[in-house]
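Student: Can you keep this structure in mind? I'll have questions shortly.
2 protein chains.
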Amino acid sequence: MSKQRNITLKDLAKELNLSISTVSRALNQHPDIKPSTVERVTTLAKQRHYSPNLFAKSFRSRKTNILGVIVPNIAHYFTSTILKGILEKAEEKGYRVIISESKNNEVKQTEMLQTMTQFGVDGVLLALARKTTSVTDVLQILNRIPLVMFDKVSDKIPCTQIVIDDKEAAFNAVEHLINIGKKRIAIIKETENSFNSEKRFAGYLKALKEHNLPIDEKIILSTEDISLTNGRRLTNILISMKNPPDAIFAITDNAAIGAIKALNKFKIKIPEQIAVVGFSNSMNSTIIQPALSTVDQPGNKIGKTAVKYLIQEIEKPNEDVSIKTVKIKTSLIIRDSSFTA
Amino acid sequence: MSKQRNITLKDLAKELNLSISTVSRALNQHPDIKPSTVERVTTLAKQRHYSPNLFAKSFRSRKTNILGVIVPNIAHYFTSTILKGILEKAEEKGYRVIISESKNNEVKQTEMLQTMTQFGVDGVLLALARKTTSVTDVLQILNRIPLVMFDKVSDKIPCTQIVIDDKEAAFNAVEHLINIGKKRIAIIKETENSFNSEKRFAGYLKALKEHNLPIDEKIILSTEDISLTNGRRLTNILISMKNPPDAIFAITDNAAIGAIKALNKFKIKIPEQIAVVGFSNSMNSTIIQPALSTVDQPGNKIGKTAVKYLIQEIEKPNEDVSIKTVKIKTSLIIRDSSFTA
DNA sequence: AATCAAATTGCAATCGTTTGCGAGAACGTT
DNA sequence: AACGTTCTCGCAAACGATTGCAATTTGATT
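Chains as they are written, first to last, in the UniProt record's numbering: chain Z, 1 to 341; chain X, 1 to 341.
The following block contains the structure:
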């Protein structure tokens, strides 16, 4: 059961007693070719189910119409919504998408960047691996092909970046807690210099300051791995304090859900005694009891926007691409974990 | 800021006063080339950061080392774990992966199959769009390039398929419910002729029969869209019956979670009054209270296995590829929703 | 009928790499 | 010194498509 060979321009040309170039032009509606031959060529092409070898086309034009995407973890829900947006926009614009997972491994990340450029993708979309320390490899890529970053970015890399306004989003979330009457708001964040965590923390601080609330380091908790388990663990610490908080802002839904689980276990009333707000609007946030208030990040839009700017750079390389940081609007979704009638 | 051109064999050849072929052979450790020139070539290549144009290579060898993947929905958790497996195995074997979403749209699906073959991927991995009625387009592809299907498959397509044993998995789940003493087990399934739903239903029936339990059509409920909302809706129907079930088997975690939400609302004790078992081991299943018993489908393994067989077909096209259906083992995870000490 | 312009078509190069074959050089054998 | 091997290397074709330019045909004009 061997596979049938694709038919080429040459095949058509031979069968029609024409030159390859004439056949090519006939199929590309070049004005030079007389209508009758155009007719002959197109009918035979249809009959034989001719379809141009895109690979050969790409090879000649030095344009692959392929975008490379590198993300830390494809199975992360927020990431997958971004990918969805990327796929949609790319397809709409006639691009194919190669996806790779860096698994938060910096070495792998550079390897992937290299194979991608080596392979000849027209541009790369990149969400940095966590704790990416050296950006020199990325900078290398930058003067070879267009690059747009999203979600996990670094200001050390001069390229267009699509992000959400972490600081503002966190500010809004915390301000909401203040507005419902909370005065002692804890935060659960990451220790490592995570791009997002730091910005969200800044938003937290800003909200407290603007509302003249004291900042108490005892209720500013950090963890290396911002997981459900650690969210629960840190919440246990918070509720065993002599002066426990009346609200918890977790910079991740998972951690927030861990918090709720801990509070539920000790029958602490949410949101009356302690309110909880998370970040991401993951699937889980509506599953947990009570439903979690959280910041919605429009992944789809981020993906689409990233592709839009990347293709702009690809198709207009001459115009000096103004490097910009695009901030996608988030929205606070208020659910039972912070809702008071 | 124009991008720098990649350097080619020609460049190296000119600079070394050698022919392109010699340079090529030198870099590919061809025995014909004398050690001293190999030396000269390799050092210059390193110096100039030469890396072969993979696209040109592919073009010549007619081997792209690209696999195409088409799935209905990339943001579905189970699907994304499969993709993870696919990416891992593919990378390990030196293949790149192009991913497309059919969005359960049959027309899009065929379009994508066509662009992929037209582009020249070495093989395709396909999970069928729901309600795919006509498989003729897929059959068309089948005699052009290697194809392996997974998860959503059809027995009308003669190719290697990687699936889980839906029937057996469902059988085990229902038998488990019987073992903990349940005698009146409802099922929530899909109406449409979904490949998976029917098989799981068959497993349900088999378990009841083997244990001599009566089959009551009143507690066999179906829905077009097997969602959380519909799971809740149908459960409401079940608990308002004069003779309600003492267990619910939902063929999807989402529906099962909907069931739990409905039961919780009416303060029906889980699992004492009504036990619940789902299917998929999604993230949500540990978030809901009580934690959901469910069937774990090893997505990662499915993905890896699919790639393994696909590459086998690609690299040994002569040997008559024995078309086989590989069933990946599932395991029942027992949690609080069906646990009795 | 001769000439010229316009309409059609073909030649050949090109993209970057690999590879069969042949050519020339170096070396050893008699 | 003549011949045959063995080493090295370059030529040119090939993958499939596009395209500038030249070549050919056609038709029109005088």
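Glycine included, C-beta positions come from ideal geometry on N, C-alpha and C.
Going by beta carbon distance, what residues of the same chain come within less than 6 Å of residue 109 of chain X, once the five residues before and after it are set aside?
Tutor: Residue numbering aside, residue 109 of chain X sits at position 109 when the second sequence is read from its first letter. Cβ within range, chain order: 102, 129.
Student: Between residue 187 of chain X and chain Z, is there a C-beta pair that is closer than 7 Å?
Tutor: Your numbering for residue 187 of chain X matches position 187 in the second sequence. Taking Cβ atoms only, chain Z never reaches closer than 7 Å to residue 187 of chain X, which makes this a no.
Student: Taking buried to mean at least 16 other C-beta atoms within 10 Å of its own C-beta, is residue 30 of chain X buried or exposed?
Tutor: Locating residue 30 of chain X in the second sequence gives position 30, where the first residue counts as 1. It counts as exposed.
Student: Name the DSSP beta bridge partners of residue 118 of chain X, please?
Tutor: Locating residue 118 of chain X in the second sequence gives position 118, counting from the first residue. The partner list for residue 118 of chain X (beta bridge, DSSP) is empty, contrary to what the question assumes.
Student: Where do the ends of the alpha helix (DSSP H) carrying residue 200 of chain X lie?
Tutor: Taking the first residue of the second sequence as position 1, residue 200 of chain X is located at position 200. Residue 200 of chain X -> alpha helix (DSSP H) spans 195 to 210.
Student: Measure the beta-carbon distance from residue 277 of chain X to residue 213 of chain X and round it to whole angstroms, keeping in mind my assumption that it falls under 8 Å.
Tutor: Locating residue 277 of chain X in the second sequence gives position 277, where the first residue counts as 1. Locating residue 213 of chain X in the second sequence gives position 213, where the first residue counts as 1. Contact flag wrong, Cβ pair sits at about 15 Å.
Student: Rounded to the nearest angstrom, what separates residue 254 of chain X and residue 143 of chain Z at their Cα positions?
Tutor: Translated into the one-based positions of the second sequence, residue 254 of chain X becomes position 254. Translated into the one-based positions of the first sequence, residue 143 of chain Z becomes position 143. Distance between the alpha carbons of residue 254 of chain X and residue 143 of chain Z: 47 Å.
Student: Count the C-beta pairs between the region 264 to 275 of chain Z and the region 60 to 68 of chain Z that are closer than 8 Å, then say yes if the count reaches three, no if not.
Tutor: Too few Cβ pairs lie closer than 8 Å, so no.
Student: Let me know the beta strand (DSSP E) ranges lying completely inside the region 149 to 182 of chain X, each 3 residues or longer, listed in chain order.
Tutor: 160 to 164
Student: Based on the DSSP output, what are the partners of residue 60 of chain Z in its beta bridges?
Tutor: Within the first sequence, the letter at position 60 stands for residue 60 of chain Z. Its beta-bridge partners do not exist; DSSP assigns none.
Student: Measure from the alpha carbon of residue 224 of chain X to the alpha carbon of each residue in X/28, X/207, X/251, X/304, then state which is nearest.
Tutor: Position 224 of the second sequence, counted from the first residue, corresponds to residue 224 of chain X. Ranking the options by Cα distance to residue 224 of chain X, first place goes to X/251.
Student: May I ask you to report which of helix, strand or coil DSSP gives residue 258 of chain Z?
Tutor: As a working mapping, residue 258 of chain Z is identified with position 258 in the first sequence. Note: residue 258 of chain Z maps to helix in three-state DSSP.
Student: Is the Cβ-Cβ distance between residue 182 of chain Z and residue 246 of chain Z less than 7 Å?
Tutor: Within the first sequence, the letter at position 182 stands for residue 182 of chain Z. Within the first sequence, the letter at position 246 stands for residue 246 of chain Z. Contact: yes.
Student: Any heavy atom of the ligand SAH inside 6 Å of the beta-carbon of residue 97 of chain X?
Tutor: Looking at this structure, you won't find the ligand SAH or any other ligand, since it has none at all.
Student: Measure the alpha-carbon distance for residue 221 of chain X versus residue 315 of chain X and round it to whole angstroms.
Tutor: For the purposes of this step, residue 221 of chain X is taken as the residue at position 221 of the second sequence. For the purposes of this step, residue 315 of chain X is taken as the residue at position 315 of the second sequence. Cα-Cα distance, rounded: 46 Å.
Student: Please report the straight-line C-alpha distance between residue 287 of chain X and residue 296 of chain X, rounded to a whole angstrom.
Tutor: Taking the second sequence and counting its residues from 1, the one referred to as residue 287 of chain X is at position 287. Taking the second sequence and counting its residues from 1, the one referred to as residue 296 of chain X is at position 296. Spanning the two alpha carbons is a distance of roughly 16 Å.
Student: With distances taken Cα to Cα, identify the nearest neighbour of residue 118 of chain X among Z/338, Z/8, Z/313.
Tutor: As a working mapping, residue 118 of chain X is identified with position 118 in the second sequence. The shortest C-alpha separation from residue 118 of chain X is found at Z/8.
Student: Residue 190 of chain Z lies in the alpha helix (DSSP H); which residues open and close that run?
Tutor: Counting from one through the first sequence, the residue named residue 190 of chain Z turns up at place 190. Looking at the DSSP string, residue 190 of chain Z is not in any alpha helix (DSSP H); the run it does join, the beta strand (DSSP E), is 185 to 190.
Student: Are residue 189 of chain X and residue 201 of chain X close, meaning C-beta to C-beta below 7 Å?
Tutor: Locating residue 189 of chain X in the second sequence gives position 189, where the first residue counts as 1. Locating residue 201 of chain X in the second sequence gives position 201, where the first residue counts as 1. Yes. Within cutoff.
Student: Figure out for me which residue from X/139, X/18, X/120, X/310 has the closest Cα to the Cα of residue 38 of chain X.
Tutor: Here the question's residue 38 of chain X lines up with position 38 in the second sequence. For the residues X/139, X/18, X/120, X/310, the minimum Cα distance to residue 38 of chain X belongs to X/18.
Student: Within 10 angstroms of the Cβ of residue 116 of chain X, are there 16 or more other Cβ atoms? Answer buried if so, exposed if not.
Tutor: In the second sequence, residue 116 of chain X corresponds to position 116, counting from 1. Residue 116 of chain X comes out buried.
Student: Can you pull out the residues from the region 96 to 127 of chain X whose beta carbon lies closer than 7 Å to at least one beta carbon of chain Z?
Tutor: 96, 97, 98, 99, 100, 101, 118, 119, 120
Student: For residue 161 of chain X, count neighbouring C-beta atoms within 10 Å of its own C-beta (all shown protein chains included) and say buried if the count is 16 or more, exposed if not.
Tutor: Residue numbering aside, residue 161 of chain X sits at position 161 when the second sequence is read from its first letter. By the 10 Å Cβ count, residue 161 of chain X comes out buried.
Student: Can you tell which of X/10, X/301, X/53 has its C-alpha closest to the C-alpha of residue 81 of chain X?
Tutor: Counting from 1 along the second sequence, the entry for residue 81 of chain X is found at position 81. Of the listed residues, the one whose Cα sits closest to residue 81 of chain X is X/301.
Student: Which residues, taken in chain order from the region 250 to 269 of chain Z, show a beta carbon closer than 8 Å to some beta carbon of chain X?
Tutor: 257, 264
Student: Between which two residues does the alpha helix (DSSP H) carrying residue 45 of chain X extend?
Tutor: For the purposes of this step, residue 45 of chain X is taken as the residue at position 45 of the second sequence. That run of the alpha helix (DSSP H) goes 35 to 47.
Student: Using the DSSP secondary-structure output, state which residues sit across from residue 113 of chain X in a beta bridge.
Tutor: Locating residue 113 of chain X in the second sequence gives position 113, where the first residue counts as 1. Answer by DSSP bridge pairing: none, since residue 113 of chain X is not bridged.
Student: So, at 8 Å on beta carbons, what are the nonlocal neighbours of residue 211 of chain Z in its own chain, with the 5 sequence-adjacent residues on each side left out?
Tutor: Locating residue 211 of chain Z in the first sequence gives position 211, counting from the first residue. Excluding sequence neighbours, residue 211 of chain Z sits near 175, 178.
Student: Taking 7 Å as the CB-CB limit, is residue 229 of chain X close to chain Z?
Tutor: Here residue 229 of chain X refers to the residue found at position 229 when the second sequence is read from its first residue. By this cut-off, residue 229 of chain X is not an interface position.
Student: Let me check one thing: in DSSP terms, what residues is residue 13 of chain X bridge-paired to?
Tutor: For the purposes of this step, residue 13 of chain X is taken as the residue at position 13 of the second sequence. The partner list for residue 13 of chain X (beta bridge, DSSP) is empty, contrary to what the question assumes.
Student: In this structure, does DSSP put residue 84 of chain X in helix, strand or coil?
Tutor: Reading the second sequence from its first residue, position 84 is the one you call residue 84 of chain X. Of the three classes helix, strand and coil, the one that applies to residue 84 of chain X here is helix, per DSSP.
Student: Quick check on DSSP: helix, strand or coil for residue 324 of chain Z?
Tutor: Walking along the first sequence from the start, residue 324 of chain Z turns up at place 324. Note: residue 324 of chain Z maps to coil in three-state DSSP.
Student: For residue 334 of chain X, go through chain Z and note every residue whose CB falls closer than 7 Å to its CB, in chain order.
Tutor: As a first step, residue 334 of chain X is located in the second sequence; it is residue number 334 there, counting from the start. Under the 7 Å cutoff, chain Z gives no residues; its nearest Cβ is about 19 Å from residue 334 of chain X.
Student: Three-state secondary structure (DSSP) at residue 233 of chain X?
Tutor: Within the second sequence, numbered from 1, the residue matching residue 233 of chain X stands at position 233. Of the three classes helix, strand and coil, the one that applies to residue 233 of chain X here is helix, per DSSP.
Student: Let's test the definition: count the other Cβ atoms within 10 Å of the Cβ of residue 153 of chain X and tell me whether it reaches 16, buried, or not, exposed.
Tutor: For this step, residue 153 of chain X is matched to residue 153 along the second sequence. Buried is the call here.
Student: Shorter than 7 Å from the beta carbon of residue 284 of chain Z to some beta carbon of chain X?
Tutor: As a working note, residue 284 of chain Z is residue 284 in the first sequence. Yes, contact with chain X.
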